[in-house]
Structure formats: C-alpha cells, structure tokens
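Each step along the sequence shown adds one to the number in our numbering, with nothing skipped, and position 577 is 598.
All C-beta atoms, glycine included, are put in the ideal place defined by N, C-alpha and C.
Model, not experiment: these values are computed from the prediction.
Okay, so here's the structure we're looking at.
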Amino acid sequence: MNYLETYEIWKKKQLEDPDLIAEMIEIEGNEQEIKERFIRMLEFGTAGLRGILGVGTNRMNIYTVALATQGMADYINEQYENPTVAIAYDSRIKSDLFARVTARVFAANGVKAYLFKELMPTPTLSFAVRQLKCSAGIVITASHNPSQYNGYKAYDEEGCQLNPEAAAKVLEYAAKRDIFDGVKKMSLDEGLRTGMIEYISDELVDQYLHKVFSLRINKTPVTESSLKVVYTPLNGTGNKLVISIYAVVSFVFPLKARLPVKIGLAAFLLLCGQKFTFYSMFGHNMFNPQLDQAVLVIWESLFNVLLVLVPILVIKDVLFVFIKFVNFATHSHVPWPLAKQGNRWLILIFSLAAAVSGTHAALTTPSVYTVEILVDRLPGEFDGYRIVQMADLHVGQMLKRPWLEEVVDMANELDADMVVLTGDMIEGPASELKDEVSAYARLKAKDGVFAVTGNHEFHHGAQPWIDYFESIGIHMLENKHQVITRGEAKLVIAGTVDSSAVRRGLPGPDLSKALEGAPDTATVLLAHQPKGAREAKGVDLQLSGHTHGGLFVLYQPLIAYANDGFVTGLYDVNERMKIYVNPGTGLWTGMALRVANPSEITEIILRAPGDKRQKAN
Numbered sequence: 022m023n024y025l026e027t028y029e030i031w032k033k034k035q036l037e038d039p040d041l042i043a044e045m046i047e048i049e050g051n052e053q054e055i056k057e058r059f060i061r062m063l064e065f066g067t068a069g070l071r072g073i074l075g076v077g078t079n080r081m082n083i084y085t086v087a088l089a090t091q092g093m094a095d096y097i098n099e100q101y102e103n104p105t106v107a108i109a110y111d112s113r114i115k116s117d118l119f120a121r122v123t124a125r126v127f128a129a130n131g132v133k134a135y136l137f138k139e140l141m142p143t144p145t146l147s148f149a150v151r152q153l154k155c156s157a158g159i160v161i162t163a164s165h166n167p168s169q170y171n172g173y174k175a176y177d178e179e180g181c182q183l184n185p186e187a188a189a190k191v192l193e194y195a196a197k198r199d200i201f202d203g204v205k206k207m208s209l210d211e212g213l214r215t216g217m218i219e220y221i222s223d224e225l226v227d228q229y230l231h232k233v234f235s236l237r238i239n240k241t242p243v244t245e246s247s248l249k250v251v252y253t254p255l256n257g258t259g260n261k262l263v264i265s266i267y268a269v270v271s272f273v274f275p276l277k278a279r280l281p282v283k284i285g286l287a288a289f290l291l292l293c294g295q296k297f298t299f300y301s302m303f304g305h306n307m308f309n310p311q312l313d314q315a316v317l318v319i320w321e322s323l324f325n326v327l328l329v330l331v332p333i334l335v336i337k338d339v340l341f342v343f344i345k346f347v348n349f350a351t352h353s354h355v356p357w358p359l360a361k362q363g364n365r366w367l368i369l370i371f372s373l374a375a376a377v378s379g380t381h382a383a384l385t386t387p388s389v390y391t392v393e394i395l396v397d398r399l400p401g402e403f404d405g406y407r408i409v410q411m412a413d414l415h416v417g418q419m420l421k422r423p424w425l426e427e428v429v430d431m432a433n434e435l436d437a438d439m440v441v442l443t444g445d446m447i448e449g450p451a452s453e454l455k456d457e458v459s460a461y462a463r464l465k466a467k468d469g470v471f472a473v474t475g476n477h478e479f480h481h482g483a484q485p486w487i488d489y490f491e492s493i494g495i496h497m498l499e500n501k502h503q504v505i506t507r508g509e510a511k512l513v514i515a516g517t518v519d520s521s522a523v524r525r526g527l528p529g530p531d532l533s534k535a536l537e538g539a540p541d542t543a544t545v546l547l548a549h550q551p552k553g554a555r556e557a558k559g560v561d562l563q564l565s566g567h568t569h570g571g572l573f574v575l576y577q578p579l580i581a582y583a584n585d586g587f588v589t590g591l592y593d594v595n596e597r598m599k600i601y602v603n604p605g606t607g608l609w610t611g612m613a614l615r616v617a618n619p620s621e622i623t624e625i626i627l628r629a630p631g632d633k634r635q636k637a638n
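As structure tokens, this is what we get:
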C-alpha cells in the first residue's frame, strides 16, 4: 500500500483528536506534506517511538502511540502471567493524552496499568516499575528533542530501557496489527472502575524521595563547601514539589508556634499545591478539568494562596539575606521587621485575603475601559473610529454561557465600528462547547467582528474552532487581512496565526502573508501574543492579549520578560507603531487570579493627526 492509499484511509476515518482533523484539512491537496506524514510507519526501536507530533503513520499521535502499546501488550502477555505496567509522562505537548491512551490500550489487553496522576521526572518511572513489581514501564517524553516532538520510551521489569531483542519483538507484534481496527481500547472510566487502571499514589513519590535521600554518601550536614547546585524543574516536571515545599520551609518552619499548628499549616500549604493533581484524577484533564464550577472555584482559591504567598516569601528571603549582608559589611544593626511573629502572620492573612478576592475578581464581568490612540497614518475619515477589543475570555468550565451573554451585551451596547477578539476565546474542544459559546454569534459591529487564534485554540483543536467562528459570522484573520473603507479612505485590519501552531507542526504567524496585497495605509494587526511586536513591519497599531495583565503585581516583571516587556495597556513600540495589550476579559483555570488587575472590555478610539482631521472635514 502506498502513502496516498494510506492517506485516503485516514481521510475516511472519524479521527478522535481535533488537532489531527485540523491537520488533515490543512494538508489536503499538498502531496509533499501528505508524503512526509504517510510514507512510512513510525518504527518502534530500542528508544521506543520518537517523532514529530501530527497526523499520519509517520507522526506521533494517539494512533501510532496506541499501535505501539498494542505491540507492547502482546509482547508482555507472551512473557508474563498477570502482567502489570507503570506509566509516566512529562510536560511535552499531548504527553498526558498519550499516557491515558497507553493506559487504556494496556487495560483492554488484560495488562493492569499503574498511571501517574500528573507529570513526573523520568527516574520516578523506573522507581515505580521496581517498587510496584511491574512487568514493564512506559514514559511519554521526547527528552532533548525540539518542542514539536514527543516520544514513547519502553522499559523492562528492572526499570531499564528495553533491549534490542525485546524491542524487535514489540515491533513485530505491532506490524501484525491494523492501526485503527487492530488495537483494543477501554475507556478510562471503565478502566478505573474495573481496577485495570489505577492511579499511582503520592505515597510512592514520597518513597522515591526518601530513597534518593537515603543514598547520600555523607550523612553529616556540610557547613562549608564551594559546591554550587542549580535546580531546574525541567519545564514543570518537578515544580509542584518545589513550590509547596518552599512555602512550608520559608513560612512554616521559622514560625514560633505549637507543633500541631505548624503541622496544620504545612498540610494546608501542601494541599493548596495539589490542584492539578486533583484535576488530573477527577477531572481527567489537568488544564481543562471536567468538574462542577463550585469545585473549580474552591481549588482555584486554594491554589491562588500559593500564587500570592510564594513571590512574597521570595522577596522576604531576598531582603533577609540583603539585610544580613548590610549588617555584616557595615557593622550596623538594621532590624529585621519580620522578627515579630505578628508580622509573619500578616503575610499569610494577606495571601488568604488576596487569593479569595483575586479569584472572585477573575470571575466577575469585566468593566469597559476607553483609550484614545493616535495613529499617524490614519486617514482623517477614520478619526474617531471605535474598536471594541476583547481577549482571553476562555469560555468553558468556569466562565459559561450566562457570563458570555452578559459580556456580549456589554460589547454590543458600545455600538462599535468593529469588534475584535484577540485569541483564547474558548477553553475546550468545539465538539463539547458549541452550546456554551453560542452567544459569540450575537456580537455586532458596523464593519464586522474579527478574530485570531490564541494558544488555547490550538490546545483544543484550532481548525474546528476556526470553522465554527466563521460559520457564525466572525471573520478569522489567520495570516489574512481585510480592508475597511470610508469613501476613498482605507484602513487595513490584519491578523496572524498564534505562534503555538508551530509546536503542532502547523504553519505559524506570517505577517508578510497577512499583508500581501494590502494598500499602503494605516494598519491594525491582531496578534494574540505581544511577543514579537518589535519585529512587525508595516503595522501602525497591534492589539494583543495573552498576558492576563500579569495576574498580580509581583508577577509582572516575569510576564514582561516573557513578552518582550509588554504586560498591559498602551506602549510605544517605535516612532510609528504602538501596541495595546488587553489585560484579559475572562480567566484561565490554570491561573484564575486577579489582584488589583481588573478584567476589561477595551473601547479603542483611533485618532488621526490634526491636519488630517481638518482635511477630511
């Protein structure tokens, strides 16, 4: 069977992953792109699978992962009675999805799957294989490869990589199976209900940490050493442990309080850090949990305690070291304000209050903020042109249809010339949320409603969302532009694809393509992320979102660093170009926090230079 025949088979299938559906649409008619994806089967070797994410037999996706797992299950069942397997995953794109698919295939084949509830460093997988006496282990990771890759590593009962002979056997078994009809799958819910899938407890992670600690050679604390250690959570695989433990060490340990109080506080702070664990266990998705809204609000509030507390503690510890240094260097005695225990408790009280109020603020309807922006090349006929901008609404699990309907009504009351949505309009796949987002169809403006994708559209399958928004009258400017006219005068509204498309093997932002054939006049660019604005050529005003206003003032320097210095409000990019960063109209369940940072519907009034206004009049 040649690659075109294989491609035609995939075209006829009802693919489960929206991203794959979108990519099939994207590559239609492009034989070279089709050939790259379907020319061969992604082979299982001593390193397991490793490849670019995407659709086709030569890409990493839920189907190639499932086929490899089927081959692995056939091999394990041949070698062991009552086999079991441990499964871990890291922070790579779709790692959690691939891990769940792997567990479902093993379970359907009679192999009990022990699944980590959240992302874990690879060594914990090898430890789990041995500790749970598993027949094999699987970890979803692409190690050092670029971001558009993912991988599937297989381990034996010793927690070591499969030897070449075993890998060849797995490949042989997989080759006998059809990638669609030859793979057995069980639903995750059924697997959990029947006991064929079981989440690995936090106790095992604690056992791993204790085991590592017990292996230290010198059991006497080192008081003087030139050794310097740098820790990185490797894109998030170890950050949960670090954040919660740091809060305990920095805040709880120094307190002069009774032991039960300290234990209670430590337990509370550790609980606050378990949001994503809870979401993974009971909501089946770390960043898009399928849970009741009230449950989500409680967990967001708890997690926000840490989000507020940790940066305050970092500043506290830095200041403490600084004061100690100053006192030592100058032989002075600058007092430490937090020597008083009451002042220490104020930190926690403030964090609790800010977390609760910040969560509430994130859930409220936005206010309207009006800003006038002078655009040097704006024709006089467009002076006073009003654009209503909304960004980062994230309609889905927490912000639902009634909230969106209220926001849409507020936007429509402004009676704008144009409404723009600068990405992250949704939080979930199109197949599940069309009812919740239906109010978007009611948005009205004299010259139309325009939008671009954000990174979260790509998280949940961008193409179905693009198709849906187009079907309800929203013009998706994905590397495109439109020309607005007032008599002979013209204004260009353009948009670019979000840069996260590249991570999924799809075409990324292309400003030159977006402006191809556009007249030489004032140009407004919609781009979800402000990062990259300094490189934009031929643009007078860029409208962006993505930053959520920095969430909390102490995070703003970090958010600014990640976004070329742009966090919220109006900035001069250069002599000609300006950028307005909307602080967010809604919220994201990953960080649903707003402290002194209100959500916003922005009413932008474009102003032409005075001489152009007079000429137009």
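On a CA-only basis, which of the options is nearest residue i? Give me that one, please.
| i | options | result |
| --- | --- | --- |
| LEU330 | ALA375, GLN410, ALA462 and LEU70 | ALA375 |
| VAL233 | LEU153, GLY469 and PRO144 | PRO144 |
| LYS33 | ASP177, PHE201 and ALA163 | PHE201 |
| GLY158 | ALA175, THR298, GLN577 and GLY482 | ALA175 |
| PRO185 | VAL389, ALA462, PHE65 and ASP338 | PHE65 |
| GLN410 | ARG398, VAL429 and PRO400 | VAL429 |
| LYS421 | VAL270, VAL441, TYR461 and ARG398 | TYR461 |
| SER322 | LEU292, ILE42, PRO332 and PHE349 | LEU292 |
| LEU70 | GLU448, PRO142 and ILE161 | ILE161 |
| LEU614 | TYR576, ASN595 and ASN603 | TYR576 |
| LEU74 | ASP38, GLY50, ALA107 and MET93 | ASP38 |
| ASP117 | TYR173, GLY72, ASP488 and PRO167 | TYR173 |
| ALA68 | LYS361, ALA539, HIS352 and GLN182 | GLN182 |
| ASN364 | LYS277, HIS496 and ASN239 | LYS277 |
| PHE148 | LEU63, HIS231, GLU621 and ILE336 | HIS231 |
| VAL269 | HIS477, GLU427 and LEU327 | LEU327 |
| LEU340 | SER353, TRP357 and GLU427 | TRP357 |
| GLU509 | ILE493, LEU236, PHE403 and TRP486 | PHE403 |
Put residue i into one of helix, strand or coil per three-state DSSP.
| i | result |
| --- | --- |
| GLY79 | Note that residue 79 corresponds to Asn in the displayed sequence, not to Gly. The answer is coil: DSSP assigns ASN79 none of H, G, I, E or B. |
| ASP640 | Lying outside 22 to 638, the shown extent of the chain, residue 640 is not represented and no answer is given. |
| GLN53 | helix |
| LYS33 | helix |
| ILE319 | helix |
| ARG279 | coil |
| VAL523 | helix |
| LYS455 | coil |
| SER235 | helix |
| GLN503 | strand |
| GLY482 | coil |
| VAL428 | helix |
| THR623 | strand |
| ILE108 | strand |
| ASP593 | strand |
Opposite residue i in the DSSP bridges: which residues?
| i | result |
| --- | --- |
| THR544 | VAL513 |
| GLN563 | LEU546 and ILE600 |
| ASP468 | According to DSSP, ASP468 bridges with nothing at all. |
| MET497 | ALA472 |
| LYS174 | VAL160 |
| SER388 | GLU621 |
| ILE73 | TYR170 |
Please return the same chain residues whose Cβ sits closer than 6 Å to the Cβ of residue i, not counting the five positions on each side in sequence.
| i | result |
| --- | --- |
| TYR406 | ASP438 and LEU627 |
| LEU435 | VAL409 and GLU624 |
| LEU425 | VAL416 and ALA460 |
| LEU414 | MET446, THR606 and GLY607 |
Who are the near neighbours of residue i in its chain, counting only those whose CB is closer than 8 Å to its CB and skipping five residues on each side?
| i | result |
| --- | --- |
| ILE394 | LEU562, LEU591, LYS599, TYR601, ILE625, ILE626, LEU627 and ARG628 |
| LEU399 | TYR406, LEU512, ALA543, ASP561, LEU627, ARG628, ALA629, PRO630 and LYS633 |
| VAL616 | VAL329, ALA375, SER378, GLY379, ALA382, LEU572, PHE573 and VAL574 |
| ASP15 | Outside the shown range of the chain (22 to 638) lies residue 15, about which nothing can therefore be said. |
| SER388 | PRO619, SER620, GLU621 and ILE622 |
Less than 9 Å between CB atoms is the rule here; does residue i satisfy it with respect to chain B?
| i | result |
| --- | --- |
| LEU225 | No chain B is part of this structure, which consists of one protein chain only. |
Roughly how far, in whole angstroms, is the beta-carbon of residue i from the beta-carbon of residue j, given that I think they are within contact range, below 8 Å?
| i | j | result |
| --- | --- | --- |
| ILE221 | LEU136 | 7 Å |
| PHE127 | VAL86 | With 8 Å as the limit, PHE127 and VAL86 do not qualify as a contact, their Cβ atoms being about 12 Å apart. |
| VAL523 | GLN169 | 7 Å |
| GLN91 | VAL204 | 5 Å |
| ILE368 | ILE333 | 6 Å |
| ALA412 | THR391 | That pair is no contact at about 16 Å. |
| GLY482 | ALA43 | 6 Å |
| MET419 | LEU384 | 7 Å |
Excluding the five sequence neighbours on either side, which residues of its own chain have a C-beta within less than 7 Å of the C-beta of residue i, listed in chain order?
| i | result |
| --- | --- |
| PRO104 | ILE97, ASN98, VAL132 and SER156 |
| TYR101 | SER156 |
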